[in-house]
Each structure stands twice: as C-alpha cells, then as structure tokens.
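Peer 1: Note that my numbering has the sequence shown beginning at 2, numbered continuously upward. From the three backbone atoms N, C-alpha and C, an ideal C-beta is built for every residue, glycine too. Handing you a structure now.
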Amino acid sequence: MTASWGLYPSITTTPTYFSSESELKAQLAAAPHAIPRGLGRSYGDSSLGEAMLCTTRYNRFLAFDTQNGHLTCESGVSLAEMLDVIVPAGWFLPVTPGTKFVTLGGAIASDIHGKNHHIDGAFSNFVTQFNLMTANGQVLTCSRTENAELFWATLGGMGLTGVILQATLQLKKIETAYIRQRTLKVPNLAAMMDALETLAKVTYTVAWIDCLSRGDALGRGLIYAGEHATREELPPQLQATPLTLPAKSKINIPLFFPKFALNTLSVKAFNALYYGKVRAKDSTAIISYEPFFYPLDAVLNWNRIYGRTGFLQYQFVLPPETSKAGLTDILTRITEHGAASFLAVLKLFGPGTDQFLSFPKAGYTLALDFPIRDGIFEFLEVLDARVAHYGGRIYLTKDARMKRETLSLGYENLSTFATLRAQIDPTHHFESLQSQRLGL
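Here is the structure:
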C-alpha cells in the first residue's frame with residue numbers, strides 16, 4: 002500500500018522510478034494518467050494516482066555558484082541533501098517548510114512557505130527557472146520571461162502541469178549554522194497576534210497554539226522568533242567551526258500507536274506540559290538551525306503516533322481583516338468539539354504571488370493535525386464553511402478531503418489554471434486522486 006505522510010488515503014499502486022529523461026518519457030507514454038511524486042511528505046492525495054512517477058532517483062547536483070549562491074539540481078534532490086552541501090559553504094535555503102525531507106520538485110509544486118513568509122514570501126520568489134516535461138514528452142524551459150504563464154502555473158500547481166526535471170534556486174547567505182532564537186510565552190490569541198505583528202520585522206516567526214485551551218486562555222501559546230546568528234554571537238567554542246553542526250541522535254517511532262492513545266485528555270495533558278515547560282515570558286538562546294526549522298525531523302516516523310488509520314492535516318489562511326474574528330471562531334469550535342490536535346502552528350503571511358494555485362496570501366495561517374476518528378470529516382466540513390465565510394482558503398498540499406465547492410470559494414484563479422491546463426494537457430494526462438476529487 003502507498004500513502005502520503007498523513008497515511009490517508011492509501012492505494013495499491015506502486016510508484017515507478019526514473020533516472021533519465023528518456024526513462025521518464027517512456028513511463029509517461031505507457032501510462033494514460035500519471036502524477037509526479039517526490040518523498041511523499043505531502044499529507045493527502047496530491048501525489049497519489051493511477052501511476053506515480055517518483056523523482057527520487059533523478060537527484061543529481063548540476064551546478065553550485067558558491068560566490069553568488071545559485072544552485073541547480075535535478076528535481077529529486079531533497080532539501081536535506083541541499084543543506085548538507087550549501088550550509089558548509091555559507092548558504093541557506095531562502096524558504097523552507099517544517100521538514101527538510103522534501104524534494105526540490107515537491108517544493109516547487111507546492112510553492113512551499115516557511116517562517117519568513119511575512120518578510121521573504123514563498124519559494125516561488127527564489128526559483129529563477131526550471132525545465133518541465135509536459136504530457137507529450139516535450140521539455141520546456143520556464144522562467145519569468147520564458148513560458149512565464151506555465152512557470153507561474155507550475156509553482157503551486159501540484160504536479161498537474163508536468164514533471165519538473167531540474168531547477169535553479171537563489172540561496173541566502175549566512176555566517177553560521179545557528180539561529181538566535183527568542184521565545185515568548187503569551188496568554189491568549191489576542192496577545193499572540195499582537196506579539197506576532199510587533200515582531201513583523203524579525204525574519205523568522207512561528208507560534209505554537211494550545212488549541213484546547215478555553216475562555217480567557219483561548220489561543221495561548223509560545224512564539225519562536227529567530228535570525229541567523231553571526232559568528233560573533235556564537236559561544237567561543239563554536240566560533241572556530243561556525244558552519245558545522247555536531248552530530249545528533251534521532252528518536253524513532255518503531256510502531257503505530259494504538260487508536261486510543263491520542264484523545265482529548267492526553268492531548269490536553271501534553272499541551273499543558275508543553276506550555277508549562279517554558280517558565281520565562283521572554284527568553285533568548287543560540288540554537289542550531291535544525292531544531293528551529295525542523296523540530297519534528299528529529300523524530301523518525303512521527304506520523305505513526307496517530308495510529309494506522311492516520312490523520313488529517315488542516316491548514317488554512319485568513320486575510321488580515323478577518324483573521325482575529327475568524328481564528329477566535331474556529332479555535333472556539335475546535336475546543337468545544339474536543340478535536341485533539343497537539344500540533345497547532347500559527348504563522349503570519351505577507352502578500353502572496355496571487356498566481357494560479359499558490360496558497361499563501363496576506364494574513365494568518367493556522368495548521369492543525371486531527372487523528373482520523375468518527376465525526377472528524379463532518380467537523381472539518383463545518384470548519385471549511387467558516388474558512389470560506391472569512392474569505393480564506395485551504396492548502397492543497399495538506400488536503401485529503403476538501404470538496405470542489407470549497408476549493409472554488411478560496412482560489413480565485415481556478416478558471417485561468419483550467420484554461421492553461423487544457424492547452425498543455427487536454428487529456429489530463431497528469432492526474433492525481435486530489436485533482437479527480439476536486440475537478441482541477
């Protein structure tokens with residue numbers, strides 16, 4: 002069985018792999034419908050389909066300009082592999098999600114965002130060009146000036162425009178592999194949003210929310226704000242090798258947790274401990290980039306915590322003018338329902354690209370994990386209606402169950418995307434379970 006990170010849905014189709022353009026072209030010709038797939042770290046069904054063209058063996062580094070920070074790779078190279086090469090040379094990813102186990106092609110197809118969207122925008126801001134194999138086997142170079150419409154449709158296009166072969170990325174210069182982190186403990190949602198807006202000039206900000214707290218404590222949580230540390234800011238023992246991190250062991254979840262392990266009481270206890278472990282209202286520390294950007298990557302197979310039935314990740318964005326009322330409404334409904342999510346992450350977005358299917362737009366985005374239980378699908382449809390009411394949209398990379406009408410309410414450029422797709426792929430050769438479900 003094959004599934005993505007949320008373990009729902011699962012299908013019996015086995016991915017095929019290619020290591021050359023000729024192999025990919027042959028696989029495309031042999032499959033009536035297919036979808037590209039990287040490391041499978043999207044949460045739902047966007048990389049599941051009748052045939053899955055896995056890019057992970059198409060993973061060579063092609064060029065690295067260490068003076069100007071231009072990196073060109075094949076699409077199957079992971080962000081983890083990139084970091085191993087670029088950080089020792091004094092460069093960092095310009096935008097990164099909460100896991101480094103994502104391929105370059107997947108990052109483009111999802112137009113990923115990170116803790117710095119309010120400052121730097123999404124991944125698309127730093128992709129200078131890529132090569133794309135379309136449904137007929139033709140390879141096109143796409144950039145802001147060449148095949149520009151296809152360039153923007155592919156960024157956030159969920160693999161529906163073709164298979165990304167290679168791409169060039171503009172990196173960010175750093176002095177060290179460490180982050181100067183500030184941690185703020187806030188008592189409720191209003192204080193959380195005020196603090197995030199006060200910190201709007203800090204490069205990286207993210208907040209964890211206790212989504213089961215109620216009353217005056219609704220939306221309480223912890224804010225983590227960070228900047229890349231300079232060499233002078235490091236402790237003396239680290240200044241000699243500022244771009245090298247010590248090796249660290251990882252925790253593995255070897256078995257699926259039983260279904261009863263995650264419930265309202267256990268999640269409430271976890272949230273209370275996580276919030277309570279931070280004593281000071283405001284503290285600072287120098288930490289390596291890994292726990293700041295990728296805390297869950299230190300726990301291998303952490304998705305097994307949700308049991309064999311899996312979980313749904315639900316991420317939405319609301320515009321600035323409705324964010325406070327909308328988040329208050331939605332968090333209140335979650336606490337009243339008792340939906341058990343111990344991973345609730347809030348970020349501030351800056352302006353989006355306003356292109357095709359790219360998810361980010363100005364406002365606040367909240368991501369939550371829900372174990373699959375009786376009634377959860379019906380409850381998320383209630384949240385869908387509230388997100389639409391407040392003018393928001395749902396992230397396709399995290400989605401496994403949204404309905405077509407919800408999608409059309411959130412994405413204003415659907416018809417433009419459909420028109421372009423009809424031109425380059427009239428038979429919908431590139432098709433996923435998600436695109437079938439949503440009529441993309």
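Along the chain, which unbroken stretches of the beta strand (DSSP E) at least 3 residues long are found entirely within the segment 191-236?
Peer 2: Fully enclosed beta strand (DSSP E) runs of 3 or longer: 205-210, 222-229.
Peer 1: Buried or exposed: where does V383 fall if 16 or more other Cβ atoms within 10 Å of its Cβ makes it buried?
Peer 2: By the 10 Å Cβ count, V383 comes out exposed.
Peer 1: If you follow the alpha helix (DSSP H) that D85 is in, where does it begin and where does it stop?
Peer 2: That run of the alpha helix (DSSP H) goes 80-87.
Peer 1: So, are the CB atoms of T204 and E228 less than 7 Å apart?
Peer 2: For T204 and E228, yes; Cβs fall inside 7 Å.
Peer 1: In angstroms with no decimal places, state the Cα-to-Cα distance between P98 and I120.
Peer 2: Those two C-alpha atoms are separated by around 15 Å.
Peer 1: Quick check: L313 and A401, are their CB atoms within less than 7 Å of each other?
Peer 2: Yes; because the gap between Cβ atoms is below 7 Å, this pair is in contact.
Peer 1: Closest to W92 by C-alpha separation, out of C74, A178, T146, Y18, would be which residue?
Peer 2: The candidate whose alpha carbon is nearest that of W92 is A178.
Peer 1: Buried or exposed: where does M403 fall if 16 or more other Cβ atoms within 10 Å of its Cβ makes it buried?
Peer 2: Classification of M403: buried, given that the 10 Å Cβ count is 16 or more.
Peer 1: Could you check whether the segment 217-231 touches the segment 157-176, counting it as contact only if at least three pairs of C-beta atoms, one from each stretch, sit closer than 8 Å?
Peer 2: Contact between the segment 217-231 and the segment 157-176 is present, because at least three Cβ pairs lie under 8 Å.
Peer 1: Terminal residues of the continuous alpha helix (DSSP H) containing E75?
Peer 2: Premise fails: E75 lies in the beta strand (DSSP E), 71-75, not in any alpha helix (DSSP H).
Peer 1: Can you tell which of M194, L319, I252 has its C-alpha closest to the C-alpha of G353?
Peer 2: It is L319.
Peer 1: Output the distance between the C-alpha atoms of T336 and Q435, rounded to the nearest integer angstrom.
Peer 2: Those two C-alpha atoms are separated by around 29 Å.
Peer 1: Ends of the beta strand (DSSP E) at N132?
Peer 2: Note, N132: beta strand (DSSP E), 128-134.
Peer 1: Give the single residue among V268, L244, K399 whose Cα lies nearest to the Cα of G7.
Peer 2: It is K399.
Peer 1: At which residue ranges does the segment 239-318 contain complete beta strand (DSSP E) runs of 3 or more residues, listed in the order of the chain?
Peer 2: Correct list: 283-289.
Peer 1: If you compare alpha carbons, which of N60, A192, T310, P10 is closest to F19?
Peer 2: Ranking N60, A192, T310, P10 by Cα distance to F19 puts N60 first.
Peer 1: Looking at the unbroken beta strand (DSSP E) that takes in D66, where does it start and where does it end?
Peer 2: Here the beta strand (DSSP E) through D66 covers 62-66.
Peer 1: Apply the 10 Å Cβ neighbour rule to M194 and answer buried if 16 or more other Cβ atoms are within range, or exposed otherwise.
Peer 2: The residue in question, M194, is buried, as its Cβ has 16 or more Cβ neighbours within 10 Å.
Peer 1: Determine the closest residue to G440 out of L246, G220, R405, with distance taken between C-alpha atoms.
Peer 2: When only C-alpha atoms are compared, the closest one is R405.
Peer 1: Should M53 go down as buried or exposed, given a rule of 16 or more other Cβ atoms within 10 Å for buried?
Peer 2: With 16 or more Cβ atoms within 10 Å of its Cβ, M53 is classed as buried.
Peer 1: Are the beta-carbon atoms of F257 and G308 separated by less than 7 Å?
Peer 2: Yes.
Peer 1: So is Q68 buried or exposed if we call it buried at 16+ other beta carbons inside 10 Å?
Peer 2: Q68 is exposed by the Cβ-count criterion.
Peer 1: Hey, how far is the Cα of S144 from the Cα of A168?
Peer 2: The alpha-carbon atoms of S144 and A168 are separated by roughly 10 Å.
Peer 1: I need the straight-line Cα distance from I331 to A64, nearest angstrom please.
Peer 2: Each residue's Cα considered, the two are about 46 Å apart.
Peer 1: Have a look at G41 and A4 and give me their C-alpha separation to the nearest angstrom.
Peer 2: Cα to Cα, the separation comes out at about 8 Å.
Peer 1: Taking 7 Å as the threshold (C-beta atoms), are G160 and A110 in contact?
Peer 2: Cβ atoms of A110 and G160: closer than 7 Å.
Peer 1: Since I224 and L166 are thought to touch, with beta carbons under 8 Å apart, how far apart are those beta carbons, to the nearest angstrom?
Peer 2: Going by Cβ atoms, the distance from I224 to L166 rounds to 40 Å, so no, they are not a contact pair.
Peer 1: Kindly indicate which three-state DSSP category T407 falls into: helix, strand or coil?
Peer 2: Here T407 sits in helix by DSSP.
Peer 1: Taking just the CA atoms, how far does L197 sit from G222?
Peer 2: Roughly 12 Å separates the two Cα atoms.
Peer 1: Kindly identify the DSSP beta-bridge partner or partners of R38.
Peer 2: DSSP output for R38 lists C55 as bridge partner(s).
Peer 1: Run through DSSP, which three-state label would T162 get?
Peer 2: T162: coil per DSSP, three-state reduction.
Peer 1: Considering just the uninterrupted stretch of the alpha helix (DSSP H) at V388, what are its terminal residues?
Peer 2: That run of the alpha helix (DSSP H) goes 377-390.
Peer 1: From the DSSP output, in three-state form, read off L8 for me.
Peer 2: Looking at L8 - three-state DSSP - the assignment turns out to be coil, as it is neither helix nor strand.
Peer 1: Starting from the C-beta of Q356, find all residues in its chain whose C-beta is less than 8 Å away, skip the five residues before and the five after it, and write them out in chain order.
Peer 2: Closer than 8 Å at Cβ, skipping near neighbours: S125, W153, A154, L156, G157, N414.
Peer 1: Distance check for G392 and T366, CA to CA, integer angstroms please.
Peer 2: For T366 and G392, the distance between alpha carbons rounds to 12 Å.
Peer 1: Reducing DSSP to helix, strand and coil, say where T336 ends up.
Peer 2: DSSP places T336 in helix when its eight states are reduced to three.
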